[in-house]
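Visitor:
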Amino acid sequence: MSMDQGARDITIPAGPARSSARQLGPLIGGALALICLAALFAYPRLERAYAIAIGDRDRATLDLAVQNLRGALDKAEVLPALLAERASIARLLRDPDNSGLLPFVNEQLRQTALSLDVSDVYVMDATGLTIAASSYRTDRSFVGRNFAYRPYFTEAIAGGIGRFHALGTTSGERGYFFAAPVIDGTEKTGVVAVKITLDDFEATWAEGATTVIVQDMANVIFLSDRQNWHFRTFGPMPEAALESIVTTRQYPVAALRNLPARRERLANSGYETVTFAMADGGSSYIMQTGLIAAAGWRVSILSPLAPAQLQAANTLTIALLVALFLLLIATAIWQRRIQLEDRLAAREDARARLEARVRERTAELDETNTLLREQIEERVRAEAQLRRTQAELVQAGKLAGLGQMSAALSHEFNQPLAAVKAYAENAATFLDRGREGEARENIRLISAMTDRMAAISKHLRNFARRPQDKTGPVLVHAVVDDALALMAPRLAAAKAVLTNTLPDHDLWVIGGRVRLQQVIVNLISNALDAMEGVARPVIALSLAVTDGRVKLMVRDIGPGLSDEALAQAFDPFFTTKPPGQGLGLGLSISYNIVRDFNGRLTAANHPEGGALFTVELDLSAAPDKIAAQ
Ligand code: ADP
2 MSMDQGARDI
12 TIPAGPARSS
22 ARQLGPLIGG
32 ALALICLAAL
42 FAYPRLERAY
52 AIAIGDRDRA
62 TLDLAVQNLR
72 GALDKAEVLP
82 ALLAERASIA
92 RLLRDPDNSG
102 LLPFVNEQLR
112 QTALSLDVSD
122 VYVMDATGLT
132 IAASSYRTDR
142 SFVGRNFAYR
152 PYFTEAIAGG
162 IGRFHALGTT
172 SGERGYFFAA
182 PVIDGTEKTG
192 VVAVKITLDD
202 FEATWAEGAT
212 TVIVQDMANV
222 IFLSDRQNWH
232 FRTFGPMPEA
242 ALESIVTTRQ
252 YPVAALRNLP
262 ARRERLANSG
272 YETVTFAMAD
282 GGSSYIMQTG
292 LIAAAGWRVS
302 ILSPLAPAQL
312 QAANTLTIAL
322 LVALFLLLIA
332 TAIWQRRIQL
342 EDRLAAREDA
352 RARLEARVRE
362 RTAELDETNT
372 LLREQIEERV
382 RAEAQLRRTQ
392 AELVQAGKLA
402 GLGQMSAALS
412 HEFNQPLAAV
422 KAYAENAATF
432 LDRGREGEAR
442 ENIRLISAMT
452 DRMAAISKHL
462 RNFARRPQDK
472 TGPVLVHAVV
482 DDALALMAPR
492 LAAAKAVLTN
502 TLPDHDLWVI
512 GGRVRLQQVI
522 VNLISNALDA
532 MEGVARPVIA
542 LSLAVTDGRV
552 KLMVRDIGPG
562 LSDEALAQAF
572 DPFFTTKPPG
582 QGLGLGLSIS
592 YNIVRDFNGR
602 LTAANHPEGG
612 ALFTVELDLS
622 AAPDKIAAQ
């Protein structure tokens, strides 16, 4: 598993979307249906309640109407009997042709009608003929008219109190007639009648929003503030009634048409609802009825039902709005809850996925870890193997170097040895010849030669001591001098020029003296190899100190490093030399040696040509100074 894979996005899907709308739709629909059902159920009840309230409110109006009517009738009822007591009337009945009395009585009756505020007062003889009347002066005078067909007359002449309501045949006015007999001694000589009109009541009723109707026993509407309802029948008319109406000429028969209406009892109340089917009054009312028993009248008040309907509709509308509002709030709350649940579920889901992912990744990481550990172990093993091989190779390299060096050394030793032999033989010859001074000179030369050989062998000792070589402060000059001394024969053989620009003062670096020397020997040796075809080989040694690091540079004027060599020069066994001449180990070993000193060995081509190798090491204080510290 690569790191790229490890860093891939962990996307957290929203989780299974539990559609809130899907759950909420039927609920809202159900609630709305319930509300509608409730409204349908509530409306008739509300309407009835408001209708009852209206009925209750208008009951007072009805009671008042009943009382007023009853009062008016009661007041008029006693009048005929009182008037019949008048002597003048009895006298006139006895002497109807008395032209002196008649005008007096007539006028008296007119005055009486005015003062009693009744429509008419009139006197009939025993045949029903009107002989005097309060209306004697008017066009519609009752005088001369016979009312024997009216029940009030027949009832009165029979000795009782006559009462009757009818449309006046003379006046064309609806009126209530009361009559009482005039009793002269024991004889009933005539009848006094009083007519009252009730139009004023109708005028009063008309002022209200309600309609008042007064029906008689035949269900004929006798009084109403609705003029066009007069004499209409409201309810079935008894068979006998029509006959009586015709004979008594009570109402104009042509007007007796039924008022089409649908009547229903209003549940839980004493009221009725009435719906008229007529063009002019096709509306509904709530009806309640009071009785005026003496007159045989039923007084009904009709209160329009429309306000109750309106009120019910208003109330229901408000209730509906409130319910809808509550539903809306409930919906909002519900939706919020569902959303919250969804979000929680999604979060839970995401967490679970994340956990699973983490588990999965942990497992992968564990696996990778194991793999890495195995790889590391293998690396460690390989490294150990490499080190072992390297150590072996170092040894092999050293042996190769030793071989090279032995050749050089034998050449180096042979020359002085030959010289020593020659000088020794010369010294012997000079001694034989007694030339002591020359013999001494030759012996001094022999000594000098052995000194030189001793110096060479000292360097060899240093080389041999290598495995015990310790890491610590090393004097740069000493190392360079050792290396140069070792390389002196090869340098001389190659006729190479060595320019050494190292500073004069002592410089200490951290390293191992012999190993460092080996590195420098190797670099110089490589430089000489590279300049094999160069007529006048030059090796430049220089040194720079920066930031606590010492850079020792070895430069030649050879062909420099190829690109391949630049990339691989430090790899073991990389060599461009023909077999038998190069092992390809020198730079690899040198590199590791310098690295062991916490240093760096780098290769580059000098801008002016030739290879430039740099050994970079830590600058150190002098060992005595370190000891002082
Ligand atoms: P060897 O000398 O046995 O080949 P080294 O590790 O010392 O092994 O060198 C590796 C190679 O680096 C050489 O074969 C050569 O190609 C290249 N090289 C080393 N030093 C120089 C130099 N001074 N100039 C040019 N090439 C060099």
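Be aware that the sequence shown starts at 2, since it is given in my numbering, and climbs by one per residue. Idealized CB from N, CA, C, for every residue including glycine.
Using a threshold of 7 Å, is the CB atom of phenylalanine 575 nearer than that to any non-hydrogen atom of the ligand ADP?
Guide: Yes - the ligand ADP has a heavy atom lying nearer than 7 Å to the Cβ of phenylalanine 575.
Visitor: Excluding the five sequence neighbours on either side, which residues of its own chain have a C-beta within less than 7 Å of the C-beta of arginine 1, listed in chain order?
Guide: Residue 1 lies beyond the range of the chain shown here (2 to 630); nothing can be said about it.
Visitor: Skipping 5 residues on each side, what residues in its chain have a beta carbon closer than 6 Å to that of alanine 331?
Guide: Nothing meets the Cβ criterion.
Visitor: Identify which residue in Leu524, Arg445 and Leu544 has its Cα closest to the Cα of serine 591.
Guide: The option with the nearest alpha carbon to serine 591 is Leu524.
Visitor: Just checking, does the stretch 165 to 178 make contact with the stretch 90 to 110 on the three C-beta pairs under 8 Å criterion?
Guide: Contact between the stretch 165 to 178 and the stretch 90 to 110 is absent, because fewer than three Cβ pairs lie under 8 Å.
Visitor: For a minimum of 3 consecutive residues, which ranges assigned as the beta strand (DSSP E) are wholly contained in the stretch 542 to 628?
Guide: The stretch 542 to 628 contains these whole beta strand (DSSP E) runs: 550 to 557, 601 to 606 and 612 to 621.
Visitor: Is the distance from the Cβ of leucine 522 to the Cβ of leucine 544 below 8 Å?
Guide: The identity of residue 522 in the sequence shown is valine, whereas the question assumes leucine. Contact: no.
Visitor: Could you tell me if glutamate 617 is buried or exposed, where buried requires 16 or more neighbouring beta carbons within 10 angstroms of its beta carbon?
Guide: Glutamate 617 comes out buried.
Visitor: Determine which residues share a DSSP beta bridge with threonine 212 and list them.
Guide: The partner list for threonine 212 (beta bridge, DSSP) reads Leu303.
Visitor: Mark phenylalanine 635 as exposed unless 16 or more other C-beta atoms lie within 10 angstroms of its C-beta, in which case mark it buried.
Guide: The chain is shown from 2 up to 630; residue 635 falls before or after that span and cannot be answered.
Visitor: Going by C-alpha to C-alpha distance, which of Asn269, Val300, Phe235 and Ser284 sits closest to valine 213?
Guide: Ranking the options by Cα distance to valine 213, first place goes to Val300.
Visitor: With DSSP run on the structure shown, which of helix, strand or coil describes serine 526?
Guide: The answer is helix: DSSP assigns serine 526 an H, G or I state.
Visitor: Whether or not the stretch 55 to 64 and the stretch 286 to 296 are in contact is what I'm after, with contact meaning three or more pairs of Cβ atoms, one per stretch, closer than 8 Å; do they touch?
Guide: Yes, the stretch 286 to 296 touches the stretch 55 to 64.
Visitor: Going by DSSP, name the residue or residues bridged to methionine 288.
Guide: Note: methionine 288 sits in a beta bridge opposite Glu273 and Leu303.
Visitor: Please look up how many angstroms separate the CB atoms of leucine 508 and arginine 556, rounded, as I've assumed it's under 8 Å.
Guide: No, leucine 508 and arginine 556 are not in contact; Cβ-Cβ is about 19 Å, not under 8 Å.
Visitor: Is the beta carbon of proline 490 less than 8 Å from the beta carbon of arginine 453?
Guide: No; because the gap between Cβ atoms is not below 8 Å, this pair is not in contact.
Visitor: Grab the span of the beta strand (DSSP E) containing asparagine 501 for me, first residue to last.
Guide: Taken as a continuous stretch (DSSP letters only), the beta strand (DSSP E) holding asparagine 501 covers 498 to 501.
Visitor: Can you give the Cα-Cα distance for alanine 531 and glycine 473, rounded to whole angstroms?
Guide: Straight-line Cα distance between these residues: approximately 32 Å.
Visitor: To which residues does DSSP link arginine 263 through a beta bridge?
Guide: Its beta-bridge partners are Thr276.
Visitor: Which complete alpha helix (DSSP H) runs does the stretch 123 to 205 hold, if anything under 4 residues is left out?
Guide: The qualifying runs are 152 to 158.
Visitor: Would serine 120 be called buried (16 or more neighbouring beta carbons within 10 Å of its own) or exposed?
Guide: The residue in question, serine 120, is buried, as its Cβ has 16 or more Cβ neighbours within 10 Å.
Visitor: Can you find a heavy atom of the ligand ADP that lies under 7 Å from the Cβ of asparagine 599?
Guide: Every heavy atom of the ligand ADP is 7 Å or more from the Cβ of asparagine 599, so no.
Visitor: DSSP puts leucine 476 in a beta bridge; with which residues?
Guide: Its beta-bridge partners are Trp509.
Visitor: Return the Cβ separation of glycine 297 and aspartate 185 in integer angstroms, given the expectation that the two are a contact with Cβ distance under 8 Å.
Guide: Their Cβ separation, rounded to whole angstroms, is 31 Å, which puts glycine 297 and aspartate 185 out of contact at 8 Å.
Visitor: Between the Cα of leucine 260 and those of Ser285, Gly587 and Ile222, spot the shortest distance and give me the residue it belongs to.
Guide: Among Ser285, Gly587 and Ile222, the Cα nearest to that of leucine 260 is on Ile222.
Visitor: Whole angstroms are fine: how far does the CA of alanine 40 sit from the CA of isoleucine 339?
Guide: Whole-angstrom Cα-Cα distance: 29 Å.
Visitor: I believe leucine 94 touches threonine 198 by the beta-carbon criterion, under 8 Å. Please report the beta-carbon distance rounded to the nearest angstrom.
Guide: 26 Å between Cβ atoms; not a contact.
Visitor: Taking just the CA atoms, how far does valine 520 sit from leucine 492?
Guide: Rounded to whole angstroms, leucine 492 to valine 520 spans 16 Å at the Cα level.
Visitor: Would DSSP call phenylalanine 42 helix, strand or coil?
Guide: In the structure shown, phenylalanine 42 sits in a helix (DSSP, three-state: H, G or I).
Visitor: Cα separation between arginine 516 and aspartate 482?
Guide: Cα to Cα, the separation comes out at about 14 Å.
Visitor: Is any heavy atom in the ligand ADP found nearer than 7 Å to the beta carbon of leucine 487?
Guide: Checking every heavy atom of the ligand ADP against the Cβ of leucine 487, none is found closer than 7 Å.
Visitor: Do you know how far the Cα of alanine 484 is from the Cα of phenylalanine 464?
Guide: Low confidence applies to phenylalanine 464: its pLDDT is 48, below 50, so where it sits in the model is not reliable enough to give any reading.
Visitor: Quick one: what does DSSP say phenylalanine 326 is sitting in, helix, strand or coil?
Guide: Here phenylalanine 326 sits in helix by DSSP.
Visitor: So, under 8 Å CB-CB, valine 124 and alanine 114 are touching, yes? Tell me the CB distance rounded to an integer number of Å.
Guide: Not really, about 12 Å apart at Cβ, beyond 8 Å.
Visitor: Thinking just about the alpha-carbon of each residue, which of Ile447, Glu437 and Ala295 is nearest to the one in valine 421?
Guide: It is Ile447 whose Cα lies nearest to the Cα of valine 421.
Visitor: Using only CA atoms, which one of Gly611, Ala568, Glu203 and Asn599 lies nearest to proline 560?
Guide: Comparing Cα-Cα distances from proline 560 to each of Gly611, Ala568, Glu203 and Asn599, the minimum goes to Gly611.
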